[in-house]
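2 protein chains.
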Amino acid sequence: MSVNAYYVGLDVGGTTMKAAVVDEGGKVCGTATMSTEAFKGQEHGLNQMVATIRKSVEVSKLSMSDIASIGVATPGTMDIPAGIILDPPNLKPWRNVPVKKHIQEVFQIPTAFQNDANAAAYGEFWIGAGKDVQSMVMFTLGTGIGGGIIIHDHVMEGQHSHGGEIGHMKIQMTPDGRLCGCGRRGCLEAYASATSVVKRAKEALATQTGDSILKNLLDATTEELPAKVVFQAADQGDETAKKVIDDTAYFLGVGAMNIMHLIDPDMIVFAGGMTAAGDPFLNRIRHYIHELAFPVPAAKTIVQYALLGSDAGFIGAAACGRQLVKK
Amino acid sequence: MSVNAYYVGLDVGGTTMKAAVVDEGGKVCGTATMSTEAFKGQEHGLNQMVATIRKSVEVSKLSMSDIASIGVATPGTMDIPAGIILDPPNLKPWRNVPVKKHIQEVFQIPTAFQNDANAAAYGEFWIGAGKDVQSMVMFTLGTGIGGGIIIHDHVMEGQHSHGGEIGHMKIQMTPDGRLCGCGRRGCLEAYASATSVVKRAKEALATQTGDSILKNLLDATTEELPAKVVFQAADQGDETAKKVIDDTAYFLGVGAMNIMHLIDPDMIVFAGGMTAAGDPFLNRIRHYIHELAFPVPAAKTIVQYALLGSDAGFIGAAACGRQLVKK
């Protein structure tokens with residue numbers, strides 16, 4: 662490995678894909694973004710991946726021969742060791758796409774493949790919130806809840822590529838558990854995702870009459886998933902919104918407690934859009950973790966927000982590639 | 662390491678402690694059991710540990726110079742890396758007992774220290790149910806529910822010695838969650854331990870009038886915790902008992918599903934007294950796992966009973982010591 666090693670990370674999403682070249686310290690040298698256009702088929706998708714990787718190297722004023730490794734992160738479902746996206750709900754009609762093999766054959770550079778949520782967690786572990794700890798579990802709070810578990814520089818992808826599916830831990834096992842997007846009931850995601858925040862807020866409003874800050878803000882918004890409007894209403898003192906947000910912190914506290922009693926990491930990190938709610942929300946989550954968990958992990962586990970934002974995906978993808986070649 | 666390496670494992674319980682010498686293949690060469698007598702104080706306890714270890718070596722017709730390492734497993738709470746039992750509920754009035762340091766100083770042999778449930782899981786991983794897999798999570802079903810998580814020959818003891826506390830994963834987060842022995846509500850242990858089986862059976866009987874197989878068997882038993890009587894009543898066709906047992910399988914299915922979505926191991930192993938219920942009970946757990954988990958892990962994760970019985974503790978303790986010196 663040269664002193665000035667460079668690694669490409671590519672984060673493939675449902676709408677766009679973004680590649681970056683990062684250096685040995687994780688600094689981003691240049692990025693490139695292109696449309697995923699999954700509907701055009703997977704051959705087109707693979708071509709877009711190649712083009713995005715090339716473009717990121719170009720804008721970094723490097724050549725492919727400067728690149729020590731490539732890492733590609735995609736949504737699931739997938740077979741991580743085989744490097745294949747199997748049947749991805751967000752990339753239809755792709756099916757059994759041999760991502761790792763294709764990228765490696767085109768560039769003849771060691772290529773890693775990882776689940777996007779795992780990669781983002783590994784990015785935070787490498788140079789973000791978790792850079793000084795030995796083990797870290799990340800909850801990514803968005804439309805759904807993604808997760809990644811990192812133990813001693815090892816991404817816990819699991820034996821069947823299902824490790825870290827934190828959003829689909831069941832926290833309410835009775836039949837009244839909320840219906841999750843995955844079709845199951847009682848999953849953490851069904852309670853604490855941005856989707857659930859909005860859903861629970863609307864349910865609460867449906868039982869009320871008259872105006873309220875929450876109702877007015879929700880009626881006025883044009884956002885498709887206006888979770889931040891619920892946080893805003895809570896900030897402005899709306900009692901219903903405050904209850905919805907506080908419940909969300911409790912649900913995340915339950916999820917964190919379960920992680921602490923099973924994996925007991927150094928650090929729990931929350932990432933994703935909902936972290937825009939800032940310290941008051943984080944402090945409510947911490948409050949519930951203290952109330953719920955065993956005293957020692959409750960006192961000692963570091964609980965904080967992620968630092969890398971949406972860059973975590975491609976930085977983590979690059980870090981997964983770097984794992985293949987370092988030392 | 663000599664070709665004929667021998668390892669001592671000591672499993673300290675609330676009533677007795679048992680040591681064994683095992684060879685490189687995990688075969689037990691000899692064992693010794695002594696009373697723990699925690700009430701006599703921790704100095705006495707440490708002396709008993711030393712004596713039990715010596716005795717196991719004697720009965721194996723070996724001398725201490727044949728022993729490559731020692732492993733000691735104890736109940737918690739504990740600081741595993743420091744080798745200290747902190748404040749063990751089952752070993753009162755012990756407090757801050759420097760087990761590892763003491764044993765190592767007395768014998769001058771590399772000494773490992775581990776939580777008893779973790780050690781038992783590691784024993785099963787080494788030469789029991791999990792000997793051919795890469796990763797394994799064990800649920801020990803007894804008065805409470807213990808657990809141990811082994812990933813690639815690594816015992817996931819956690820950063821604060823709380824890894825694998827499977828019994829205290831919350832599976833019912835609403836305030837109606839059952840009260841657990843730990844003081845929390847909704848823990849798996851509160852639903853699926855032998856204690857809970859008996860409790861739920863008695864609750865169900867309290868709402869019924871007249872005789873039943875379950876009532877008669879429970880009235881007749883002199884056992885302190887007659888979980889097996891509930892299984893027996895179910896076998897004899899008692900509908901209430903059948904429901905209690907089937908619910909137990911469901912609760913364990915929920916616990917297993919959560920493990921599969923977080924850690925996604927090769928294998929899930931159930932151990933402890935309740936496994937005497939045999940294949941019908943295991944098959945009900947498997948049924949619920951199939952119903953609950955994502956299709957790929959549901960189809961691929963091996964779910965079975967432990968093989969080593971109560972030997973898993975000292976065999977696993979020996980294996981933890983062996984980890985210190987092998988290769």
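Respectively, the protein sequence lines represent chains P and L. Residues in the first sequence are numbered from 662 upward in steps of one, following our numbering. Residues in the second sequence are numbered from 662 upward in steps of one, following our numbering. Here a beta-carbon is modelled for each residue, glycine too, at the ideal position from N, C-alpha and C.
Secondary structure at P:T936, three-state DSSP: helix, strand or coil? The count along the first sequence starts at 1 and reaches residue 936 of chain P at position 275. In the structure shown, P:T936 sits in a helix (DSSP, three-state: H, G or I).
### Cutoff 7 Å: P:N757 Cβ touching any chain L Cβ
Taking the first residue of the first sequence as position 1, residue 757 of chain P is located at position 96. For P:N757, the answer is no, since every Cβ of chain L falls outside 7 Å of its Cβ.
So L:V760 is in the alpha helix (DSSP H); what residue range does that whole segment cover? Counting from one through the second sequence, the residue named residue 760 of chain L turns up at place 99. It spans V760 to F768 - the alpha helix (DSSP H) in which L:V760 sits, taken as one unbroken run.
L:T697 vs L:M710 beta-carbon contact at 7 Å: Indexing the second sequence from 1 puts residue 697 of chain L at position 36. Indexing the second sequence from 1 puts residue 710 of chain L at position 49. Not in contact: L:T697 and L:M710 (Cβ atoms no closer than 7 Å).
- Task: Leaving aside the five residues before and after L:A954 along the sequence, list all residues of the same chain whose C-beta is less than 6 Å from its C-beta, in chain order.
- Result: Locating residue 954 of chain L in the second sequence gives position 293, counting from the first residue. If we look at L:A954 and ignore the five residues flanking it on each side, its Cβ neighbours are M918 and M921.
How long is the line joining the alpha carbons of L:D793 and L:G828, rounded to whole angstroms?
Looking up residue 793 of chain L in the second sequence gives position 132. Looking up residue 828 of chain L in the second sequence gives position 167. Near 25 Å, if we compare the C-alpha coordinates of L:G828 and L:D793.
Taking C-beta pairs closer than 8 Å, name the residues in chain P that L:G824 reaches, listed in chain order. Locating residue 824 of chain L in the second sequence gives position 163, counting from the first residue. What L:G824 touches in chain P, judged by beta-carbon distance under 8 Å, is L923, I924 and D925, going in chain order.
List the DSSP bridge partners of P:I827. Translated into positions along the first sequence, residue 827 of chain P becomes position 166. According to DSSP, which records beta bridges pairwise, P:I827 is partnered with nothing at all.
* Going along chain L, which residues have a C-beta under 9 Å from P:V915? -> Position 254 of the first sequence, counting from 1, holds the residue named residue 915 of chain P. Going along chain L in sequence order, the residues near P:V915 (Cβ under 9 Å) are K831, M834 and G847.
Measuring CB atoms only, is the segment 752-764 of chain L touching the segment 730-742 of chain L, in the sense that at least three cross pairs come out at less than 8 Å? Taking 8 Å as the limit for Cβ pairs, the verdict is that the segment 730-742 of chain L does touch the segment 752-764 of chain L.
Exercise. Looking at C-alpha atoms only, which residue of L:N665, L:G977 and L:P958 is the closest neighbour of P:H823?
Worked result: Sequence index remark: in the first sequence, residue 823 of chain P carries index 162 (1-based). The option with the nearest alpha carbon to P:H823 is L:P958.
ask   = Of the residues L:A743, L:Q765 and L:M739, which one's Cα is nearest the Cα of L:R756?
value = Taking the second sequence and counting its residues from 1, the one referred to as residue 756 of chain L is at position 95. When only C-alpha atoms are compared, the closest one is L:M739.
| request: Tell whether a beta-carbon distance below 7 Å holds between P:V891 and P:V858. | output: Taking the first sequence and counting its residues from 1, the one referred to as residue 891 of chain P is at position 230. Taking the first sequence and counting its residues from 1, the one referred to as residue 858 of chain P is at position 197. The answer is yes: Cβ separation under 7 Å.
For P:K904, go through chain L and note every residue whose CB falls closer than 8 Å to its CB, in chain order.
To locate residue 904 of chain P, count along the first sequence from 1; it is residue 243. Using a Cβ-Cβ cut-off of 8 Å, P:K904 is close to nothing in chain L; its nearest Cβ partner there is about 15 Å away.
#### Entry: Own chain residues within Cβ distance below 6 Å of L:K860, not counting five before or after
Residue mapping note: residue 860 of chain L aligns to position 199 of the second sequence, counting from 1. Excluding residues within five positions, none has a Cβ falling inside 6 Å.
Locate the alpha helix (DSSP H) running through L:V986, then write down its first and last residues.
Here residue 986 of chain L corresponds to residue number 325 of the second sequence, with the count starting at 1. It spans A973 to V986 - the alpha helix (DSSP H) in which L:V986 sits, taken as one unbroken run.
Along the chain, where does the beta strand (DSSP E) containing L:K753 start, and where does it finish?
Here residue 753 of chain L refers to the residue found at position 92 of the second sequence. L:K753 -> no beta strand (DSSP E), and no H or E assigned at all.
- Identify which residue in L:M817, L:A895 and L:L802 has its Cα closest to the Cα of L:Y783. Reading the second sequence from its first residue, position 122 is the one you call residue 783 of chain L. Of the candidates L:M817, L:A895 and L:L802, the one whose C-alpha sits nearest the C-alpha of L:Y783 is L:M817.
Quiz item: If you run the structure through DSSP and keep just helix, strand and coil, what is P:S663?
Solution: Translated into the one-based positions of the first sequence, residue 663 of chain P becomes position 2. Model confidence at P:S663 stands at a pLDDT of 49, short of 50, so the residue's coordinates are unreliable; what they give is reported in the following sentence. Reduced to three states, the DSSP call for P:S663 is coil.
Are the CB atoms of L:A888 and L:A855 nearer to each other than 7 Å?
Here residue 888 of chain L is taken as the residue at index 227 of the second sequence, counted from 1. Here residue 855 of chain L is taken as the residue at index 194 of the second sequence, counted from 1. Yes; because the gap between Cβ atoms is below 7 Å, this pair is in contact.
Chain-ordered residues of the segment 951-966 of chain P with a beta carbon less than 8 Å from chain L:
L953, F955, V957, P958, K961 and T962
*asked:* Check this for me: beta carbons of P:E785 and P:V986, under 7 Å apart or not?
replied: Taking the first sequence and counting its residues from 1, one reaches residue 785 of chain P at position 124. Taking the first sequence and counting its residues from 1, one reaches residue 986 of chain P at position 325. For P:E785 and P:V986, no; Cβs fall outside 7 Å.
| query | Quick one, which of P:I976, P:I946 and P:A979 has its alpha-carbon nearest P:Q965's? | reply | The residue labelled residue 965 of chain P in the question sits at position 304 within the first sequence. That would be P:I946, whose Cα lies nearest to the Cα of P:Q965.
request  = Please name the residue or residues paired with L:R846 in a DSSP beta bridge.
outcome  = Within the second sequence, the letter at position 185 stands for residue 846 of chain L. Paired residues: L:L840.
**Prompt:** Relative to chain P, which residues along the segment 801-820 of chain L have a C-beta separation below 9 Å, given in chain order?
**Reply:** If the cut-off is 9 Å between Cβ atoms, the segment 801-820 of chain L has G808, I810, I812, H813, H815, M817, E818, G819 and Q820 near chain P.
Cβ closer than 9 Å: which chain P residues qualify as neighbours of L:I827? As a working note, residue 827 of chain L is residue 166 in the second sequence. Here the neighbours are H922 and L923.
- What does a CB cutoff of less than 6 Å around L:T882 pick up in its chain, not counting 5 residues either side in sequence? Taking the second sequence and counting its residues from 1, the one referred to as residue 882 of chain L is at position 221. Cβ neighbours of L:T882 beyond the five flanking positions: V890.
Report task. With distances taken Cα to Cα, identify the nearest neighbour of L:T713 among L:G982, L:F975 and L:T868. Result -> Walking along the second sequence from the start, residue 713 of chain L turns up at place 52. Minimum Cα distance to L:T713 is reached at L:F975.
query = So with Cβ pairs under 7 Å, would you call L:S854 a contact of chain P?
reply = Indexing the second sequence from 1 puts residue 854 of chain L at position 193. Not closer than 7 Å to any Cβ of chain P, the Cβ of L:S854 fails to qualify, so no.
Margin query: Please classify P:L849 as buried or exposed, where buried requires at least 16 neighbouring CB atoms within 10 angstroms.
Written below: In the first sequence, residue 849 of chain P corresponds to position 188, counting from 1. When all chains shown are included, P:L849 counts as buried.
- What does P:L671 pair with, by DSSP beta-bridge criteria? Counting from 1 along the first sequence, the entry for residue 671 of chain P is found at position 10. Paired residues: P:A680 and P:V733.
In chain order, what residues of the segment 780-803 of chain L put their CB closer than 7 Å to some CB of chain P? Q795 and S796
Would you say L:I746 and L:V669 are within 7 Å of each other, going by their C-beta atoms? For the purposes of this step, residue 746 of chain L is identified with residue 85 of the second sequence, where counting begins at 1. For the purposes of this step, residue 669 of chain L is identified with residue 8 of the second sequence, where counting begins at 1. The answer is no: Cβ separation not under 7 Å.
message: Under 8 Å: do the segment 863-878 of chain P and the segment 829-843 of chain P share three or more Cβ pairs, one atom per stretch?
response: no
If the cut-off is 8 Å on Cβ atoms, which residues from the segment 669-681 of chain L count as contacting chain P, listed in chain order? So the list is empty, because no residue satisfies the distance condition.
Margin query: I want to see whether chain P comes within less than 7 Å of L:N776, judged by CB atoms only; does it?
Written below: For the purposes of this step, residue 776 of chain L is taken as the residue at position 115 of the second sequence. No Cβ of chain P is located within less than 7 Å of the beta carbon of L:N776.
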